[in-house]
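The structure appears below as C-alpha cells.
There are 2 protein chains.
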Amino acid sequence: MKTYTFKETNRLLQRARRVIPGGIYGHMSPRYYVPDSDYPLYAVRAEGARFWDPDGNEFIDYMCAYGPMALGYNHPKVDEAALQALKSGDTVTTPSPVMVELAEFLVELVPAADWAVFAKNGNDVTSLSLMVARAATGRDKIVLVEGSYHGAAPWAQRPGRPGTVDGDHSNILYTRWNDYQGLERLVAEHRHDIAGFLSTPYFHPTSADSQLPGEDYWAKVEALCRREGIVLIIDDVRCGFRLDMRGSHEYFGFKPDLVCFSKAIANGYPLSALVGSDSLKSECEKVFATGSFWFSSVPMAAALATLRELQRIDGPRVMQQIGRRLREGMVRIAESHGFDLRVTGVPSMPFVRVAADKGAEVQPELHQRWCGECTKRGVFFASHHNWFLSTAHTDRELERTLDIVDEAFRSLSSG
Amino acid sequence: MKTYTFKETNRLLQRARRVIPGGIYGHMSPRYYVPDSDYPLYAVRAEGARFWDPDGNEFIDYMCAYGPMALGYNHPKVDEAALQALKSGDTVTTPSPVMVELAEFLVELVPAADWAVFAKNGNDVTSLSLMVARAATGRDKIVLVEGSYHGAAPWAQRPGRPGTVDGDHSNILYTRWNDYQGLERLVAEHRHDIAGFLSTPYFHPTSADSQLPGEDYWAKVEALCRREGIVLIIDDVRCGFRLDMRGSHEYFGFKPDLVCFSKAIANGYPLSALVGSDSLKSECEKVFATGSFWFSSVPMAAALATLRELQRIDGPRVMQQIGRRLREGMVRIAESHGFDLRVTGVPSMPFVRVAADKGAEVQPELHQRWCGECTKRGVFFASHHNWFLSTAHTDRELERTLDIVDEAFRSLSSG
Numbered sequence: 007m008k009t010y011t012f013k014e015t016n017r018l019l020q021r022a023r024r025v026i027p028g029g030i031y032g033h034m035s036p037r038y039y040v041p042d043s044d045y046p047l048y049a050v051r052a053e054g055a056r057f058w059d060p061d062g063n064e065f066i067d068y069m070c071a072y073g074p075m076a077l078g079y080n081h082p083k084v085d086e087a088a089l090q091a092l093k094s095g096d097t098v099t100t101p102s103p104v105m106v107e108l109a110e111f112l113v114e115l116v117p118a119a120d121w122a123v124f125a126k127n128g129n130d131v132t133s134l135s136l137m138v139a140r141a142a143t144g145r146d147k148i149v150l151v152e153g154s155y156h157g158a159a160p161w162a163q164r165p166g167r168p169g170t171v172d173g174d175h176s177n178i179l180y181t182r183w184n185d186y187q188g189l190e191r192l193v194a195e196h197r198h199d200i201a202g203f204l205s206t207p208y209f210h211p212t213s214a215d216s217q218l219p220g221e222d223y224w225a226k227v228e229a230l231c232r233r234e235g236i237v238l239i240i241d242d243v244r245c246g247f248r249l250d251m252r253g254s255h256e257y258f259g260f261k262p263d264l265v266c267f268s269k270a271i272a273n274g275y276p277l278s279a280l281v282g283s284d285s286l287k288s289e290c291e292k293v294f295a296t297g298s299f300w301f302s303s304v305p306m307a308a309a310l311a312t313l314r315e316l317q318r319i320d321g322p323r324v325m326q327q328i329g330r331r332l333r334e335g336m337v338r339i340a341e342s343h344g345f346d347l348r349v350t351g352v353p354s355m356p357f358v359r360v361a362a363d364k365g366a367e368v369q370p371e372l373h374q375r376w377c378g379e380c381t382k383r384g385v386f387f388a389s390h391h392n393w394f395l396s397t398a399h400t401d402r403e404l405e406r407t408l409d410i411v412d413e414a415f416r417s418l419s420s421g
Numbered sequence: 007m008k009t010y011t012f013k014e015t016n017r018l019l020q021r022a023r024r025v026i027p028g029g030i031y032g033h034m035s036p037r038y039y040v041p042d043s044d045y046p047l048y049a050v051r052a053e054g055a056r057f058w059d060p061d062g063n064e065f066i067d068y069m070c071a072y073g074p075m076a077l078g079y080n081h082p083k084v085d086e087a088a089l090q091a092l093k094s095g096d097t098v099t100t101p102s103p104v105m106v107e108l109a110e111f112l113v114e115l116v117p118a119a120d121w122a123v124f125a126k127n128g129n130d131v132t133s134l135s136l137m138v139a140r141a142a143t144g145r146d147k148i149v150l151v152e153g154s155y156h157g158a159a160p161w162a163q164r165p166g167r168p169g170t171v172d173g174d175h176s177n178i179l180y181t182r183w184n185d186y187q188g189l190e191r192l193v194a195e196h197r198h199d200i201a202g203f204l205s206t207p208y209f210h211p212t213s214a215d216s217q218l219p220g221e222d223y224w225a226k227v228e229a230l231c232r233r234e235g236i237v238l239i240i241d242d243v244r245c246g247f248r249l250d251m252r253g254s255h256e257y258f259g260f261k262p263d264l265v266c267f268s269k270a271i272a273n274g275y276p277l278s279a280l281v282g283s284d285s286l287k288s289e290c291e292k293v294f295a296t297g298s299f300w301f302s303s304v305p306m307a308a309a310l311a312t313l314r315e316l317q318r319i320d321g322p323r324v325m326q327q328i329g330r331r332l333r334e335g336m337v338r339i340a341e342s343h344g345f346d347l348r349v350t351g352v353p354s355m356p357f358v359r360v361a362a363d364k365g366a367e368v369q370p371e372l373h374q375r376w377c378g379e380c381t382k383r384g385v386f387f388a389s390h391h392n393w394f395l396s397t398a399h400t401d402r403e404l405e406r407t408l409d410i411v412d413e414a415f416r417s418l419s420s421g
C-alpha cells in the first residue's frame, strides 16, 4: 500500500502563510495534525464520504467537515433544494417563506421546541441562549462545564487565552462534568444569581476521552434547574441529529428549556438555530439578535431537505450502526497487532485513542502517529477531536478503512 | 397608480408568529416599518434590483438586503462562480484553495491589508478585531463611538438592552462621533489602558442623520492612535465596497491597522473578513477564532467573482452616480410638492428624511408615512435606516422610482 505525498498541499500552505495568519486558523489549523506535513490541508473536490486534495489524494473522511456533513458531500436532494432557493433569491431585503416552513418543521420535530430562531454560527445561538436566559431570569451568571466547547466567543474560551480579558468571564461559573453534587453546591452558593446552565448533552472535550452522562445525572440536573428557576440550555451543535432527530436530550431522556443546533442541520450549508419553550418566547423576542445573512433562504431550504431526508432514513440510527461496526472492526484489528484501541462517546461520534497494549496509558505520540499513518494511506483521522460518521459511509468504505487501519498498525509495529 | 395589498404576507406573518418570536426578528422585524401591515415582509423571488413578495407585488429595492446585494440579485458571474465551487464541495473537512486566492486578492486590493482571515457575520470580525487589539497591546479597554452599530453581540449593544449584563460593557469606553477633543481627553484619562478604537468610516446610526468625518478628523485620530499605541480598527461592514474598492478609509484618506468587511463582499453569500497590517499578523495567529462554516468555499468563490466584477466596473463610482441622481430627483420632486427632502451620508448609502417644509423639523410620523406610501406603490424604502444603492439600479428603475416618489408626495398632500 503506497503512502501519499503532499507536495501541492505544502506548496499551497506556504503561499497561504504569506497572506493568512498561520495559513489556516481555527479548528482546521495544521497545528493539530501530526506530522502536519503529511496531512491533507486543502480539498479540491468532495463527494459522498470522500474528498480529494490538490495532490490528487483521495480520503475517506471521518471528520465530515467537523460535523456539518451528515448525508454525504453534495447530496443531490439537499443541493437541489438549495439551488431552487438560490434561483428565487438567497439573501434578500426580507426573509423567504421557507423560514416559516423550517420553523414549523423544527417545532414539529423537536418536542422541546415551541419556536425557533435562525442564525449562522453555532456560537451565534449559544451566545443568544445566554442572553435569553438572562433576559428571562433577570440574573447574570451562567454555569458552564469546564472543558466544554461552545464556540470561539471570548466568554466561551478558557480564561487567559490570547485576546480574552477578565471581564469576559466575570459572569461565568464553572462546574465539572457529571458532578451533580458540585453543581448543587455551586447553585447553593449563588442562589438567585444563576440565569442558565449551558452544557452539551454529553461531554466531548478536545484531546480527552468523551464521557456519557451518569444514569440519573440529567434527571437530577433538570429537577435542580426547575426548582431554582435556572434556564437549562443544551448545546446540541455538535451532537444534533447524530443521536436522535428530536434532539440529543431525547436520547438521554430529559427536557431542556433551550436547545442550540447547527453543524449537521443543513448538511454543510451555513445555518444555526435556537429553539425553546413557550415560556421563553416573549423574552427571546425582547433580545436583539441579528446578522446580515441570518435570513438567507438557501441554507434554510437546505436544512428542510436535510432534516426530511435524515428523518426518512432515520439518519442517527444509520450513523450509530456504521459507527458500531467501525469500532468493532478497529478494536479487533488493533488487538491482532497487540495494540489497544479505545473508543468513548457515542458510536456516531467516536473519540478514538490507541495505546501500546491493554494495560498501557495512552501515549499521545503513538496515537498521533497512528492517525497520521492512516491518513497518509487515505483515511482522514484527526487525533485530537472526536470523529463524525455520516449516512454516506458505505460498506465498501468501511472495508477499505479497516484495510488501511490494519496496514497502519502493521507500520507502527514494524516502525 | 394602484396601491398594493399584502394579504398573503400578513397571513404568512400570522403563521410565523406562532413558531418564531416576533414572526421576524432582528433588523428585518416588521416593527421598523410603518404601517407594518402595508410592507412586504417576505420575498419569493429577487432579480437585479427588484424583488417580489408572496402577493405578487414587485418592488424596486433600495435596501439591497441591508447591504449585501451590490451587483444585483442573482448576478450571473457571481452565481456561476458559486455553483462551480459548490460542485467541488462547499463545507468540507479542510478549506479549498480558493481561500488562499481570495486572501491574496484582498491583500492586493486593499493597501491596508497584509493578511486576511474569513468568517461568517460582520460581528464575527468586529469581535475578533477587539481580541487581536487586546492580544497585541496587552490592554483591555476598547473605545466605541456612541450610537454606532457593530453587530448584535452583547458588547456592541447599548448597555441595558434585554439580555445584556454589566460585565458585557466593563471594558468599553464611549466617545462621540467627530469629537476629536473628546477622544483625546478619554485617551488621556485611560492612558496605557486602551487596546483599540473601533469606528465606522463615517457615522451612520439608525433613525438619525448620517454624519461625514470633519476635514481633519481621521488624520488627527490616526496620529493619536499611533502616538498612544492604540490599534485603529475600521468597521467597514456596511460601507465596504460602496465608497472605494480599496476600503472606505481610502475614500477619507487615512490608514487603519485593522479593517472589518462583510455585507457586499460576496453579493449576498455569507462571508466576512478581517484584514490587517503585518505588525498584527502574529498576534492574530495567537487568537483562537473559528466557526463551523468559516472555511466553506462557495462564499469565498462568490467573493472573488463579486470583487473582480465590482473592480472591473468601478462599482462604488457607479453606485455613487446613481445615488446622486436619485437624490437630485427626489429633492426636486419633494420641493415641487412643498416638502423638504433631506439626504445625509454618501450618495451610495443615503439616509433620507422628509420634512413638511424647508424650515420644519422632521416629524418621524410624516417621514414614515411617506416611506410607506412609496413602498406600497413598489419602491421599498425603510424609514429608520440608510438605504443602499447597487450597480443594478438602472435608468428605467430610477425613472419608475421618481414617478412613485411623485405619487407618494401627492398622496401626502391630499391625505
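Residue numbers (the numbering used here), protein chains in the order written: chain V, 7 to 421; chain H, 7 to 421.
Glycine is no exception: its CB is placed at the ideal position from the N, C-alpha and C atoms.
All of these numbers come straight from a predicted model, not from anything done at the bench.
Per the DSSP secondary-structure output, SER205/V pairs in a beta bridge with ILE240/V. Of the other Cβ atoms in all chains shown, fewer than 16 fall within 10 Å of the Cβ of ARG17/V; this residue is therefore exposed. The beta-carbon of GLN374/V is placed no less than 8 Å from the nearest beta-carbon of chain H.
If you draw a straight line from the Cα of ASP120/H to the Cα of GLY246/H, it comes to about 17 Å. Close to ILE410/H, with beta-carbon spacing below 8 Å, lies no residue of chain V; the smallest spacing is near 16 Å. A distance below 6 Å between beta-carbons, with the five flanking residues on each side excluded, links VAL349/H to the following residues of its chain, in chain order: ARG333, PRO356, VAL358. DSSP places ASP346/V in the strand class (E or B) of the three-state scheme. The way I'd put it, the stretch 141 to 149 of chain H doesn't touch the stretch 247 to 255 of chain H; fewer than three beta-carbon pairs between them come closer than 8 Å.
Straight-line measurement puts the Cα of ARG140/H at about 8 Å from the Cα of PRO168/V. For LYS364/H, the number of other beta carbons within 10 angstroms of its own is below 16, and it is reported as exposed.
Within the stretch 144 to 171 of chain H, the runs of beta strand (DSSP E) at least 3 residues long that lie entirely inside it are, in chain order, 147 to 151. The way I'd put it, the stretch 235 to 244 of chain H doesn't touch the stretch 37 to 50 of chain H; fewer than three beta-carbon pairs between them come closer than 8 Å. Taking the CA atoms as reference points, ILE410/V sits about 39 Å from ALA279/H. Contacts with chain H (Cβ-Cβ distance below 9 Å) from the stretch 285 to 300 of chain V involve LEU286, LYS287, SER288, GLU289, CYS290, GLU291, LYS292, VAL293, PHE294, ALA295, THR296, GLY297, SER298, PHE299, TRP300, listed in chain order. ASP130/V and GLY73/V have their alpha carbons spaced roughly 17 Å apart. Closest in C-alpha terms to VAL293/V, from the list MET137/V, ILE178/V, GLY259/V, SER102/V, comes MET137/V.
In the DSSP assignment, GLU53/V falls within the unbroken beta strand (DSSP E) covering 51 to 53. Looking at HIS399/H, LYS382/H, LEU418/H, GLY351/H, the one whose alpha-carbon comes closest to that of LEU372/H is LEU418/H.
For the stretch 27 to 45 of chain V, the set of residues with a beta-carbon nearer than 9 Å to any beta-carbon of chain H comprises PRO27, GLY28, GLY29, ILE30, TYR31, GLY32, HIS33, MET34, SER35, TYR45, in chain order.
Of all residues in the stretch 365 to 397 of chain V, only PHE386 come within less than 7 Å of chain H when Cβ atoms are compared, listed by chain position. Here DSSP, grouped into helix, strand and coil, assigns TYR45/H to coil. Per the coordinates, the alpha-carbon of ARG37/V lies some 56 Å from the alpha-carbon of CYS380/H.
For ALA398/H, the closest C-alpha among the options MET75/H, HIS198/H, TYR31/H is that of MET75/H. Per the DSSP secondary-structure output, ALA122/H pairs in a beta bridge with VAL281/H. The continuous stretches of beta strand (DSSP E) do not include THR15/V, which lies in the alpha helix (DSSP H) extending over residues 13 to 25.
Contact between the stretch 161 to 181 of chain H and the stretch 167 to 187 of chain V is present: three or more C-beta pairs spanning the two stretches fall below 8 Å. Of LEU189/H, THR212/H, ILE66/H, ILE328/H, the smallest CA-CA separation from GLU228/H is found for LEU189/H.
Within chain H, the residues GLY297 have their CB atoms less than 7 Å from the CB of ASN129/V, given in chain order.
GLN374/V sits in a helix when the DSSP states are folded into three classes. In this structure, VAL149/H places its C-beta atom within 8 Å of the C-beta atom of ILE200/H. With fewer than 16 other Cβ atoms from the protein chains shown falling within 10 Å of its own Cβ, PRO82/V counts as exposed.
Scanning chain V for C-beta atoms nearer than 7 Å to the C-beta of PRO276/H yields LYS126, PRO276, PHE299, SER302, reported in chain order. Assignment of beta-bridge partners to THR181/H by DSSP yields VAL151/H. Its Cα nearest to that of ARG197/V, the residue GLU234/V stands out among SER298/V, VAL385/V, GLU234/V.
By the Cβ rule, the stretch 99 to 108 of chain V counts as touching the stretch 296 to 305 of chain V, because three or more pairs are nearer than 8 Å. Not one beta carbon of chain V lies nearer than 8 Å to the beta carbon of ASN16/H.
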